[in-house]
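Q: To convert, count from 1 in the sequence shown and add 28; that's the numbering used here. Just so you know, even glycine gets a beta-carbon here, dropped at the ideal spot from N, CA and C. Bear in mind that the values here come from a model prediction, so they are computed numbers and not experimental data.
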Amino acid sequence: MTGTPPVPSAGTLIAVLAYPGVDELDLFGGYALLAKAGSVAEETGAPPVTAVITAEEPEVRGSAGVTFRAQEELSVVERAQAVVVPGGRGASAAAETPRLQRFLRRADERDARLYSVCSGALVLAGAGLAEGRALAIHAAKRTQLTERGAVRAADGLVRDGRICSVGGDVRDSVKSVDLAFALLADLRPELVEPVTRRTEIGPGREARQALRASGA
């Protein structure tokens, strides 16, 4: 983990990106844990944690057919301290969406932390944010990621600078939940233990620093 930044008095705003064909488990697994962190923060008097689902359109249909409404317009990404990009069958198309690309690049330019689940790494790559980096992705999508500029397609829960990604391995735990715990460890480490107690869920993957050498 790179250094934990000070928590702003207004709290921590987390934008969870949705798009047509997003994987519901990738999206709602992590969102549910982050929302629980918001409840714990409120109950304990800590600075708030606000996780919001954002999308280009007001209504989104996931890859399993679940239709839901976004909570915020995409512009919320410009204010968020962290942006989470889930994977899904629609990730390749989302990666080519100019408006998503612009908002993700702006988030990176202002030093927001970026998190991707599985093929969500392709969306980051579409914005040019995988260039020279090692990102984790689903094993079936590794070639697509390196073709978009990543120096290495990794596996597990991997950190490369301000980007943290998960994918490419098989564990008993849920990837999106493990990534959400990594986000809390980065931005709100004081909430990890109480959220673990509340949910009776713990992180199943330990984050490691990326190795960028292709043979590593």
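So, with DSSP's three-state summary, where would you put Val151?
A: helix
Q: Is the segment 130 to 150 touching the segment 43 to 56 in the sense that three or more CB pairs, one from each, lie closer than 8 Å?
A: yes
Q: Apart from the five residues just before and just after Arg226, which ones in its own chain have a Cβ nearer than 7 Å to its Cβ?
A: Lys64 and Val68
Q: Which residues in the same chain have their Cβ closer than 6 Å to the Cβ of Gly115, if we skip the five residues on either side of it in sequence?
A: Asp51, Asp54, Val145, Cys146, Ser147 and Gly148
Q: Skipping 5 residues on each side, what residues in its chain have a beta carbon closer than 7 Å to that of Ala153?
A: Ala123, Leu173, Arg176, Gly177 and Ala178
Q: Which class does Ala164 belong to by DSSP, given the choice of helix, strand or coil?
A: It is a strand residue.
Q: Only counting runs of 3 or more residues, tell me where the beta strand (DSSP E) segments fall wholly within the segment 97 to 132, in order along the chain.
A: 110 to 113
Q: In three-state terms, what does DSSP make of Tyr59?
A: Reduced to three states, the DSSP call for Tyr59 is helix.
Q: Is the segment 36 to 49 touching the segment 79 to 90, taking contact as three or more C-beta pairs under 8 Å?
A: The answer is yes - the segment 79 to 90 touches the segment 36 to 49, with three or more Cβ pairs under 8 Å.
Q: Inspect the beta-carbon positions of Leu211 and Leu62 and report whether they are closer than 9 Å.
A: yes
Q: Nearest CA to the CA of Val112: which residue from Asp200, Ala235, Ser201 and Val194?
A: Val194
Q: So if DSSP puts Glu228 in a beta bridge, which residue, or which two residues, is it bridged to?
A: Bridge partners of Glu228: none, in fact.
Q: Please classify Ala241: is it buried, with 16 or more other beta-carbons within 10 angstroms of its beta-carbon, or exposed?
A: Because Ala241 sits at a pLDDT of 45, beneath the cut-off of 50, its placement in the model cannot be relied upon, and the following sentence gives the value as read from the coordinates. Counting Cβ neighbours within 10 Å, Ala241 comes out exposed, since fewer than 16 surround it.
Q: Run through DSSP, which three-state label would Ser204 get?
A: Shown here, Ser204 sits in a helix according to DSSP, grouped into three states.
Q: Using the Cα positions of Gly156 and Leu219, report the straight-line distance between them to the nearest angstrom.
A: Going by the C-alpha atoms only, they are around 32 Å apart.
Q: Could you name the residues of the same chain whose beta carbon sits closer than 8 Å to that of Arg236, not counting the 5 residues immediately before and after it, in chain order?
A: Answer for Arg236: Gly184, Leu185, Val186 and Arg187, listed in chain order.
Q: Between which two residues does the beta strand (DSSP E) holding Leu185 run?
A: Gly184 to Asp188
Q: Any idea what DSSP makes of Arg138, helix, strand or coil?
A: coil
Q: Please name the residue in Asp139, Ala98, Ala79 and Pro75 whose C-alpha comes closest to that of Ala208.
A: Ala79
Q: Kindly list the residues whose CB is nearer than 6 Å to the CB of Pro231, restricted to its own chain and excluding five residues on each side of it in sequence; keep chain order.
A: Asp206 and Phe209
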